[in-house]
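2 protein chains.
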Amino acid sequence: MTDLLAEARDLDARDPLAAHLEAFVPAAGVSAYLDGNSLGRPLRELPDRLAAFVREDWGTRLIRSWDEQWMDLPTALGDRIGMLCLGAAAGQTVVADSTTVLLYKLMRAAVAARPERTEIVIEDGNFPTDRFIAEGIAAESGLTLRWISPDPVAGVQVADIEAAVSARTALVVLSHVDYRSGALADMKTITDAVHDVGALMLWDLCHSVGVIPVELDACGVDLAVGCTYKYLNGGPGSPAFAYVNARHHGLLRQPIQGWMGAGDVFAMGSTYAPAGGIRQFISGTPPVLGMLAMQGMLDLIEQATIGAVREKSQALTDLVVRAVDEELAPLGVRLLSPRDAALRGGHVTIGHPDFAEVTKRLWADGVIPDFRFPDGIRLGLSPLSTSYAEALSGVLAVRDALS
Amino acid sequence: MTDLLAEARDLDARDPLAAHLEAFVPAAGVSAYLDGNSLGRPLRELPDRLAAFVREDWGTRLIRSWDEQWMDLPTALGDRIGMLCLGAAAGQTVVADSTTVLLYKLMRAAVAARPERTEIVIEDGNFPTDRFIAEGIAAESGLTLRWISPDPVAGVQVADIEAAVSARTALVVLSHVDYRSGALADMKTITDAVHDVGALMLWDLCHSVGVIPVELDACGVDLAVGCTYKYLNGGPGSPAFAYVNARHHGLLRQPIQGWMGAGDVFAMGSTYAPAGGIRQFISGTPPVLGMLAMQGMLDLIEQATIGAVREKSQALTDLVVRAVDEELAPLGVRLLSPRDAALRGGHVTIGHPDFAEVTKRLWADGVIPDFRFPDGIRLGLSPLSTSYAEALSGVLAVRDALS
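Sequence lines, in order, name chains A and B. Heads up, the first sequence is in my numbering, so the first residue is 1 and it goes up one at a time. Heads up, the second sequence is in my numbering, so the first residue is 1001 and it goes up one at a time.
Structural data, given as C-alpha cells:
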C-alpha cells in the first residue's frame, strides 16, 4: 500500500502529460473524478471560447457564418477526429446527430446494401442503444438478430464471430471497447472474419475514441460511430460522429434524407439527391454549439499524441488493477476487466454486492465513479485529466467505503 | 417616405417591447439584421450563462448533473416551449435531435398508425427537408405522395386540403407559416378537414414558434415539430422540438428506439420497452449544451408574452409592406407575401431579378436579409430584437442597392 502510494507519486512526477492536468476546470469538492468515460471534464479555456463564439461568430457574423465556416464544420471536425484518433483519411468522418441516430442511419444503410441477406449479428451484452436500434431495424425489415454471448470479462473474440457469421449475415455490430468490462476487441482480425463471409462491419467506438489509437482505414472497417462526450470532452450530449469508408460512398444510402445531406442544399430542389462523399450522411442542420467544446480537447490530443495518451491509459489502469488486487480483493471485490493492459480500454470495472450503496456514499464524499447495475463500479480514467494519485485515491476510497 | 421614417420613429418610441432590444449582443458593422427567421441573435446574458454552466453544472457537478437536472431537461424545456408558445399542456412536447430527424420519427410513427392507408399529402412548396423525408418514407413504405400546389403567395387553404384528402390519406404534412411567402395557414380548419377523413395532421412550426401564438391543443393537432434557432434564438443547429398529442402516446411508435427513450434508461434491459408519455420520442443522449441559449429567449418571451410579440410582429411587417409599396414597387419589386397581416407570419418576401446580386451588396454593407433562390429576398423581423427603424432601413437599403 505504501509502495503503491509512492509509486503513484513517482508516476505523476515522471508523467510527460502531467502538465495537461491543469487544462481542465477544477471541480470543487471532488477529490477523484473517475467517470471521464461517461462525461469528460470541460477545459478551462472553454468559457472564453464560447463567449468569443457568441459575440463574434454568432452575434456579429450572424447568418453569414454558415457560409464562412459552419457548413463545413461537420466534415472538417470529422476529418480532424479521423486524423488524430481514428486512423481515417479525410473525407470519411462526419459529426452529426447522436450516436443512437447515427447507428440507426448506418445500420439501415448497411442492411439495405445486402438485400439478399437475412441476419444482423450482435452481442447480447452490447450497449443497450446498439441492441435496441438493431432490434427495431430487424423487426421492421424482417431480419433476424443472431445474438452472440462472449465471455463478459474477456469480451468478444474472433472465434465468437467466426462461429456466428455466414452467407446469411448482412451486418455485424460490435463495440470496440466493451462499456462494461473495458475489454478491447481485435478490430483487424474480427473485421477480416466478417469480410470473409461478405458481410459489413460496424464498430461502435464510444469507449475507444480519444483514449486508444484506432486504425479504421488500416483495418478495412466499413462503418463506425462514436460519441464525443467521453474521452473527447465535448460536453453533455455533444454530437456523435460517423465513419463510412470511402469505398462505400456511392453504394450506401441512409434513410433520413434531409436538406443538409442533399447535393445542393440551397437549390430547394423538388427531389432529394444525396451529396457526394460523407456529407450525404448528414440529415438536419448541424449542431454547431455542440461542436465547440471538443475542439479544445482535440488540440490537447494533438499536442500529446494519441499514442502517448494510450501509454498513460495503460499505466493508469495497471496501477488501478494492482491496487484492486491488494486493497479490494481481500474485501471480496472481483475484477471484471481483463488483466492484460493490451486487452483493455481506458476503464477498469470491479464488482461487489454492496456497490450500489457504496457508490452513493462515494458520490456524497466527492469521489465519483460510475455505478453499473446490478453490482459494478466502473473506474474511468481519462489520461489527460486524471493523475495516478487521483486514480489510486479512488480505489482507496472504495476500500474505505466498503470497510 | 418622410412619413414612414417619422412613423417608424414614433412606433419605436411607443413600443412596449422596446426595452428588450438591448438584451441582444450588438453586432458591430451591422445596421439592419433581417434574418432572425433563419438565425436569431444571441442574448447578452448568454456568455455568462454558458460560463456558469461549464464551471458548475458540467465542470463541478460533473456526471451527477444527469441525475440532478439533465435527464429531465428535454421534457422540462419542451413543456416550457409548449406553455409559452404552443398552447400545449405539459407532457406533450420534447426537445431532441434536429427538425429533420424529428420529422422522420413522427412521419414514420404516423404512417405506421394508419397501416391500411396509402397516401401522404404534402405541399410541393413545403420546405425541402419536409418533402425529402416524406419522399424517403413513401419510397420505403410503398406509399404514394399526393402533392398539392397552393397559390405561392396566399399559401395553403382549407379547400386545397379538402380536395386532396380521402380515406386513402394516412398523414398530411404542412408548414404553419410558409418559409417562402410567410403565408399563415388556418391550423384549426385544416386540422379539422384532415380529421374528417380519419387522417393524422403534422404541422411544421419552424417559422411560427416564438413569433405567433400557436394553439396546438385547442386545434386538436396530432403532431408538430419546430426548430429553436429562429425566433427562439437557440443558436446555430440548436435542437428541435416535437409535440405529440397525449391521446396518441400509447398508440404511436417511433422507429429510432434508443436507450434514452426506453422505460428504464439504466436498467440496460435486454429488449426495448418505450418510456411512457412524450419521453418515448427521445432516441439518444439529449444535447444539453444546445439547450442552454434558448432559455434566455424563453425568459424574454415569458416577460413580453407571445401575444405582445405577435402584435409587434404584425406592426413590423405592416410597416415593411407599406415601405415596399412606396419605395420598391416603383423599381419593379413584387410583394410575395400576403397583404393582410392576419394571414402572414413574421417575415415579408419580395422579388426582383437582381436580388441575388443585391443581396451580396447588402451583406457587404452590413444589411443582412436572406436570399432565396431564384430571385427572392426575405425580410425576417424578429420582434424582440428588431426595431421599426431597423426594419425600415432594410427596405431603404434594398432600394438604394437596386437604384
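Every residue, glycine too, gets a C-beta built ideally from N, C-alpha and C. Quick caveat, the model's predicted, so the values are computed rather than measured.
Straight-line gap, residue i to residue j (C-alpha atoms, nearest Å)
i	j	result
R253(A)	L1174(B)	26 Å
M201(A)	N1037(B)	42 Å
F1266(B)	F127(A)	11 Å
M260(A)	G284(A)	5 Å
V1172(B)	T1129(B)	15 Å
D1151(B)	L1336(B)	11 Å
V95(A)	D79(A)	9 Å
R378(A)	T359(A)	10 Å
G1290(B)	G1351(B)	35 Å
P353(A)	F1132(B)	52 Å
F24(A)	L84(A)	20 Å
A1089(B)	G1210(B)	16 Å
A218(A)	N245(A)	11 Å
F373(A)	V153(A)	15 Å
L1381(B)	L251(A)	43 Å
I1190(B)	A163(A)	57 Å
A1134(B)	R1117(B)	15 Å
V101(A)	I1256(B)	7 Å
Where residue i sits in the DSSP three-state scheme
i	result
T1144(B)	strand
S1065(B)	helix
R344(A)	strand
I137(A)	helix
A8(A)	helix
T358(A)	Here the sequence assigns Val to residue 358(A), which means Thr is not the residue at that position. Of the three classes helix, strand and coil, the one that applies to V358(A) here is helix, per DSSP.
A113(A)	coil
F24(A)	strand
T317(A)	helix
G1380(B)	strand
I212(A)	coil
P42(A)	coil
F373(A)	coil
L1335(B)	strand
A76(A)	helix
Residue-chain proximity (residue i, chain B), Cβ-Cβ < 8 Å
i	result
R361(A)	no
F373(A)	yes
P150(A)	no
A89(A)	no
A76(A)	no
S38(A)	yes
A27(A)	yes
V288(A)	yes
A110(A)	no
Contacts of residue i in chain B (Cβ-Cβ under 8 Å)
i	result
R339(A)	Near R339(A) there are no residues of chain B at all, since even the closest Cβ is about 24 Å away, more than 8 Å.
V30(A)	T1060, L1062
A342(A)	Those do not exist, as A342(A) stays about 27 Å from chain B at its closest Cβ, beyond 8 Å.
Within chain B, partners of residue i - CB distance below 9 Å
i	result
Y33(A)	L1062, I1063
R41(A)	W1058, G1059, L1062
W70(A)	P1236, G1237
A262(A)	P1128, T1129, F1132
Cβ of residue i within 8 Å of any chain A Cβ
i	result
Y1104(B)	yes
Y1272(B)	yes
I1368(B)	yes
T1191(B)	no
S1403(B)	no
S1181(B)	no
L1251(B)	no
A1013(B)	no
A1164(B)	no
A1023(B)	no
A1293(B)	yes
Outcome for residue i when other beta-carbon atoms lying within 10 angstroms are tallied against a minimum of 16
i	result
A183(A)	buried
R279(A)	buried
E1068(B)	exposed
G1059(B)	buried
Chain-ordered chain A contacts of residue i [CB-CB under 8 Å]
i	result
L1050(B)	P47, L50, A51, V54
Q1257(B)	F132, I133, E135, G136
V1101(B)	D97, V101, I256, G258, S283, G284
Min CB distance residue i to chain E below 8 Å
i	result
V95(A)	No chain E is present in this structure, whose protein chains are A and B.
Residue i: contacting residues in chain A (beta-carbon distance under 7 Å)
i	result
M1268(B)	P128, F373
Closer than 7 Å at the beta carbon, the chain B residues around residue i
i	result
E140(A)	P1255
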